[in-house]
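In what follows, a structure is listed as structure tokens, so that the remarks can point back to it.
2 protein chains.
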Amino acid sequence: MSEEPRRVDPIARLIQAFGRLPGVGEKSATRLAFFVLRQGSAFAEDLSQALLDATQRIGLCERCMNLTDQPQCSICLDARRDGTVLCVVETVQDLRAIERSREFQGRYHVLHGALAPLEGVGPEDLKIKELLARLQGIDAGVEELIIATNPSVEGEATALYLQRLIAGAGLKVSRIASGLPIGGDFEYADPATISQALSGRRQMNS
Amino acid sequence: MSEEPRRVDPIARLIQAFGRLPGVGEKSATRLAFFVLRQGSAFAEDLSQALLDATQRIGLCERCMNLTDQPQCSICLDARRDGTVLCVVETVQDLRAIERSREFQGRYHVLHGALAPLEGVGPEDLKIKELLARLQGIDAGVEELIIATNPSVEGEATALYLQRLIAGAGLKVSRIASGLPIGGDFEYADPATISQALSGRRQMNS
Numbered sequence: 193m194s195e196e197p198r199r200v201d202p203i204a205r206l207i208q209a210f211g212r213l214p215g216v217g218e219k220s221a222t223r224l225a226f227f228v229l230r231q232g233s234a235f236a237e238d239l240s241q242a243l244l245d246a247t248q249r250i251g252l253c254e255r256c257m258n259l260t261d262q263p264q265c266s267i268c269l270d271a272r273r274d275g276t277v278l279c280v281v282e283t284v285q286d287l288r289a290i291e292r293s294r295e296f297q298g299r300y301h302v303l304h305g306a307l308a309p310l311e312g313v314g315p316e317d318l319k320i321k322e323l324l325a326r327l328q329g330i331d332a333g334v335e336e337l338i339i340a341t342n343p344s345v346e347g348e349a350t351a352l353y354l355q356r357l358i359a360g361a362g363l364k365v366s367r368i369a370s371g372l373p374i375g376g377d378f379e380y381a382d383p384a385t386i387s388q389a390l391s392g393r394r395q396m397n398s
Numbered sequence: 193m194s195e196e197p198r199r200v201d202p203i204a205r206l207i208q209a210f211g212r213l214p215g216v217g218e219k220s221a222t223r224l225a226f227f228v229l230r231q232g233s234a235f236a237e238d239l240s241q242a243l244l245d246a247t248q249r250i251g252l253c254e255r256c257m258n259l260t261d262q263p264q265c266s267i268c269l270d271a272r273r274d275g276t277v278l279c280v281v282e283t284v285q286d287l288r289a290i291e292r293s294r295e296f297q298g299r300y301h302v303l304h305g306a307l308a309p310l311e312g313v314g315p316e317d318l319k320i321k322e323l324l325a326r327l328q329g330i331d332a333g334v335e336e337l338i339i340a341t342n343p344s345v346e347g348e349a350t351a352l353y354l355q356r357l358i359a360g361a362g363l364k365v366s367r368i369a370s371g372l373p374i375g376g377d378f379e380y381a382d383p384a385t386i387s388q389a390l391s392g393r394r395q396m397n398s
């Protein structure tokens with residue numbers, strides 16, 4: 193429905209803007225728009241300001257390519273972090289997921305993607321240059337590189353590419369384990385995961 | 193994750209702001225926030241401006257209480273609309289749903305809610321005063337009032353209340369039909385709907 197056919201209807205425009213978010217269809221967008229209209233100006237101003245702040249103030253950490261509103265992110269600045277281990281991830285969301293597990297004490301490097309030749313994503317589109325630079329510069333003390341790209345075709349290709357690229361640098365390069373997720377079930381696992389779970393088996397007795 | 197513990201982290205704030213939208217949990221909010229960050233400033237500015245425009249420029253139509261950025265909405269201003277029939281709805285979304293069906297040529301009145309005594313919503317919280325005023329003023333030519341509140345406990349209570357309130361005004365007051373939806377199935381219909389479908393039956397021969 194267009195409230196004022198000859199001019200831009202602000203409600204239609206808001207619905208349209210919400211509809212451009214991922215996973216938000218026209219019905220959801222309409223619901224969100226009317227919710228915002230019911231909440232009033234203060235609510236809209238708050239969301240509006242959050243959007244502007246995030247996109248205007250946030251940039252990449254000059255060291256690890258994480259998102260931050262400082263030159264370096266809090267993880268890179270944290271002196272308690274283990275400077276000898278670097279975990280290479282595809283995205284900032286992956287970094288955050290690993291952080292939530294509280295299992296990793298080293299630092300990160302965010303590639304911002306994975307190699308996908310068919311989609312035109314080559315090494316120069318990833319933050320690989322930046323990774324090599326820090327390994328020879330500020331992070332020359334790194335001894336192990338954990339390649340934590342996703343266990344997908346693109347993630348594996350990226351892992352292999354990095355491993356070859358770094359082969360001569362005298363670094364330990366490791367790859368995250370793949371297999372059945374904790375709580376998973378063979379019945380519902382795909383053949384590739386089962387195959388990984390079997391070939392990556394560990395001896396239980398010694 | 194708080195990027196900068198002592199200051200407000202713009203990413204966390206954006207996730208929080210998205211999370212206040214209905215149906216958006218923390219995971220979805222995070223996904224939306226990172227989507228916006230990937231899209232960059234222009235995208236965020238567009239959504240931001242749409243939010244401000246909608247909430248700052250949109251108000252209630254002084255005649256029917258629809259949302260509009262003009263004193264009167266386009267439906268009220270449309271001279272081709274039948275001025276003798278008024279359809280009373282609970283919300284602007286309901287009005288839009290009826291408009292989409294293209295079945296109704298009259299004008300509307302939006303109550304902005306339904307009577308719900310247990311939640312403290314009484315007649316004074318709905319746009320009933322405004323309805324009576326227009327029936328005695330600008331819309332004195334109305335001959336029929338179609339009460340299209342929802343067929344719920346609150347909607348029925350509101351319909352009954354309005355019918356009694358307007359009883360003496362010499363207006364035809366009608367209520368939308370309830371029954372099985374088109375394409376519905378007795379097997380999956382609830383008892384109340386089946387009961388309505390039976391008691392509201394229409395003779396097919398004459």
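Order-wise, the sequence lines are chains A and B. For any residue, its number in this note's numbering is found by taking its place in the first sequence, counting from 1, and adding 192. For any residue, its number in this note's numbering is found by taking its place in the second sequence, counting from 1, and adding 192. We treat Cβ as the ideally placed atom computed from N, Cα and C, and that holds for glycine. Just so you know, these numbers come straight off a predicted model, no measurement behind them.
Where the alpha helix (DSSP H) through residue i begins and ends
i: residue 293 of chain B; result: 284-293
i: residue 266 of chain A; result: 266-269
i: residue 323 of chain B; result: 320-328
Where the beta strand (DSSP E) through residue i begins and ends
i: residue 380 of chain A; result: That residue, residue 380 of chain A, is in no beta strand (DSSP E); it is neither H nor E in DSSP.
i: residue 281 of chain A; result: 274-281
i: residue 298 of chain A; result: 298-302
i: residue 365 of chain B; result: 364-367
Beta carbon proximity, residue i to chain B, threshold 8 Å
i: residue 259 of chain A; result: yes
i: residue 237 of chain A; result: yes
i: residue 193 of chain A; result: Interpretation of residue 193 of chain A is limited by its pLDDT of 48, a score under 50 that renders its predicted location unreliable; the figure taken from the coordinates is listed afterwards. It does; some Cβ of chain B falls within 8 Å.
i: residue 284 of chain A; result: yes
i: residue 228 of chain A; result: yes
i: residue 340 of chain A; result: no
i: residue 323 of chain A; result: no
i: residue 306 of chain A; result: no
i: residue 225 of chain A; result: yes
i: residue 242 of chain A; result: yes
i: residue 233 of chain A; result: yes
i: residue 206 of chain A; result: yes
i: residue 213 of chain A; result: yes
i: residue 202 of chain A; result: yes
The ligand ZN heavy atom lying under 7 Å from the CB of residue i
i: residue 263 of chain A; result: The ligand ZN is absent from the structure shown, which contains no ligand whatsoever.
Chain A within 8 Å of residue i, Cβ atoms only
i: residue 373 of chain B; result: no
i: residue 395 of chain B; result: no
i: residue 196 of chain B; result: A caution first: residue 196 of chain B carries a pLDDT of 45, below 50, which makes its placement in the model unreliable, though a value can still be read off. At least one chain A Cβ lies under 8 Å of residue 196 of chain B.
i: residue 264 of chain B; result: no
i: residue 354 of chain B; result: no
i: residue 247 of chain B; result: yes
i: residue 362 of chain B; result: no
i: residue 209 of chain B; result: yes
i: residue 293 of chain B; result: no
i: residue 273 of chain B; result: no
i: residue 255 of chain B; result: no
i: residue 290 of chain B; result: no
i: residue 330 of chain B; result: no
DSSP state of residue i mapped onto helix, strand, coil
i: residue 193 of chain B; result: For residue 193 of chain B, the pLDDT reaches just 48, beneath the cut-off of 50, and the residue's location in the model is therefore unreliable, leaving the point undetermined.
i: residue 339 of chain A; result: strand
i: residue 307 of chain B; result: coil
i: residue 345 of chain A; result: helix
i: residue 204 of chain B; result: helix
Nearest-angstrom Cβ-Cβ length linking residue i and residue j, presumed shorter than 8 Å
i: residue 350 of chain B; j: residue 306 of chain B; result: 4 Å
i: residue 346 of chain B; j: residue 308 of chain B; result: 5 Å
i: residue 358 of chain B; j: residue 337 of chain B; result: 6 Å
i: residue 276 of chain A; j: residue 313 of chain A; result: That belief does not hold up - the Cβ atoms of residue 276 of chain A and residue 313 of chain A are roughly 30 Å apart, past 8 Å.
i: residue 247 of chain A; j: residue 233 of chain B; result: 5 Å
Pick out the complete alpha helix (DSSP H) segments inside the region 208-260 of chain B, 4 residues or longer, and give them in chain order. The qualifying runs are 218-231, 233-249.
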